[in-house]
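Visitor: Below is a structure I'd like to ask you about.
In this note's numbering, the protein residues as written are 52 to 165.
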């Protein structure tokens with residue numbers, strides 16, 4: 052089977068009118084597919100430098116913590132997330148790193164807001 056993922060991201064910058072964006076991608080595995088779909092939605096491509104998963108609890112509903120490090124435009128960004136679903140934790144951690152990269156590389160407005 053070919054690993055695929057469909058991702059929906061919501062931009063809540065304007066809480067009165069949140070916008071949803073959806074895309075799908077294929078990858079080398081389910082986590083890779085999720086990351087590629089998020090990159091397509093956001094419009095950037097980052098290089099995954101480090102990916103770690105560790106158990107933070109045990110039992111049936113054990114939680115896994117995922118930590119990622121990406122390289123974007125020559126800078127490193129980190130993301131961390133916890134979930135009982137490792138794919139979800141991976142997606143959330145990657146999204147946090149992507150959000151930091153986008154935020155750091157947003158063009159600055161002049162004092163006149165342009």
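Backbone N, C-alpha and C define an ideal beta-carbon position, used for all residues, glycine too.
Quick one: what does DSSP say residue 58 is sitting in, helix, strand or coil?
Guide: For the purposes of this step, residue 58 is taken as the residue at position 7 of the chain shown. Correct three-state label for residue 58: strand.
Visitor: Over what stretch of residues does the beta strand (DSSP E) that includes residue 121 continue unbroken?
Guide: Indexing the chain shown from 1 puts residue 121 at position 70. Note, residue 121: beta strand (DSSP E), 115-123.
Visitor: With residue 67 as the anchor, note down where its beta strand (DSSP E) starts and where it stops.
Guide: Position 16 of the chain shown, counted from the first residue, corresponds to residue 67. Run containing residue 67: none; DSSP gives neither H nor E here.
Visitor: Mind checking residue 71: buried by the 16 CB within 10 Å criterion, or exposed?
Guide: Taking the chain shown and counting its residues from 1, one reaches residue 71 at position 20. Exposed.
Visitor: Assuming residue 122 contacts residue 139 (C-beta within less than 8 angstroms), just tell me the rounded distance between them.
Guide: Taking the first residue of the chain shown as position 1, residue 122 is located at position 71. Taking the first residue of the chain shown as position 1, residue 139 is located at position 88. So it is not a contact: roughly 23 angstroms between Cβ atoms.
Visitor: Opposite residue 111 in the DSSP bridges: which residues?
Guide: Translated into the one-based positions of the chain shown, residue 111 becomes position 60. Answer is none; residue 111 lacks a bridge partner.
Visitor: Does the beta carbon of residue 55 come closer than 8 angstroms to any beta carbon on chain C?
Guide: This model lacks chain C altogether; it includes just one protein chain.
Visitor: Rank 66, 73, 68, 69 by C-alpha distance to the C-alpha of residue 57 and give the top, closest one.
Guide: Counted from its first residue, the chain shown places residue 57 at position 6. Looking at the Cα atoms, 73 is the closest of the given residues.
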